[in-house]
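See below for the structure under consideration.
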Amino acid sequence: MTDPIKTVLVVAVALIDPDGRVLIAQRPEGKQLAGLWEFPGGKVEPGERPEAALIRELKEELGIDVTEACLSPFVFTSHAYESFHLLMPLYLCRLWSGVVQAREHSGLKWVRPNQLSDYPMPPADEPLIAWLRDLL
Numbered sequence: 004m005t006d007p008i009k010t011v012l013v014v015a016v017a018l019i020d021p022d023g024r025v026l027i028a029q030r031p032e033g034k035q036l037a038g039l040w041e042f043p044g045g046k047v048e049p050g051e052r053p054e055a056a057l058i059r060e061l062k063e064e065l066g067i068d069v070t071e072a073c074l075s076p077f078v079f080t081s082h083a084y085e086s087f088h089l090l091m092p093l094y095l096c097r098l099w100s101g102v103v104q105a106r107e108h109s110g111l112k113w114v115r116p117n118q119l120s121d122y123p124m125p126p127a128d129e130p131l132i133a134w135l136r137d138l139l
């Protein structure tokens, strides 16, 4: 019998600006999948609610404040990587306070949904592009 593969819960957000563009962030050097573009977010810590984790991660990564009422659950992705299985709900957010800054990423870009596929993304993020393109 093989060892069970660990499931990792990660939350992400599609921040949507008034022009209907979505924020993507570039993974920094030294991290797994460095250089790829992703939706901001991060791991849910043990005992932490997904929404609380996302609010915490957005403050840490982007320097913005988001309230739970402004996070709308949208869709999720499930992807088997070699050493773990990733489960990632994607939330939508159109309202936050503060100025978006790259605190932990190599770069940030506001991208039209129909152009998201022009940016290389981790395999788990790729299925989310079609959902966003169809919605927005």
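For the sequence shown, the numbering used here puts the final residue at 139, and the numbers step up evenly by one. Here a beta-carbon is modelled for each residue, glycine too, at the ideal position from N, C-alpha and C.
Do you know how far the Cα of residue j is from the Cα of residue i?
i	j	result
L51	R59	According to the sequence as given, residue 51 is Glu; it is not Leu. Whole-angstrom Cα-Cα distance: 10 Å.
E54	E71	6 Å
D20	E129	21 Å
I8	G110	32 Å
Q118	S86	31 Å
Based on the DSSP output, what are the partners of residue i in its beta bridges?
i	result
L119	Answer by DSSP bridge pairing: none, since L119 is not bridged.
W40	Q29
I2	Residue 2 lies beyond the range of the chain shown here (4 to 139); nothing can be said about it.
Taking the beta carbon of residue i as the centre, do at least 16 other beta carbons fall within 10 Å, making it buried, or is it exposed?
i	result
V102	exposed
L74	buried
T10	exposed
A133	exposed
R30	buried
G33	exposed
P43	buried
E48	exposed
Among the options, whose alpha-carbon lies nearest the alpha-carbon of residue i?
i	options	result
H108	G23, L36, K9 and L12	L36
W113	A17, I67 and L12	A17
M91	D22, E41, R136 and E63	E41
P116	W99, V14 and R24	R24
Quick one: is residue i near chain C, going by C-beta distance under 8 Å?
i	result
T70	Absent here is chain C; the protein component of the structure consists of one chain.
query = Can you give, in chain order, each stretch of the beta strand (DSSP E) that sits fully within the segment 71-118 and has at least 3 residues?
reply = You should have 75-83, 88-96 and 110-114.
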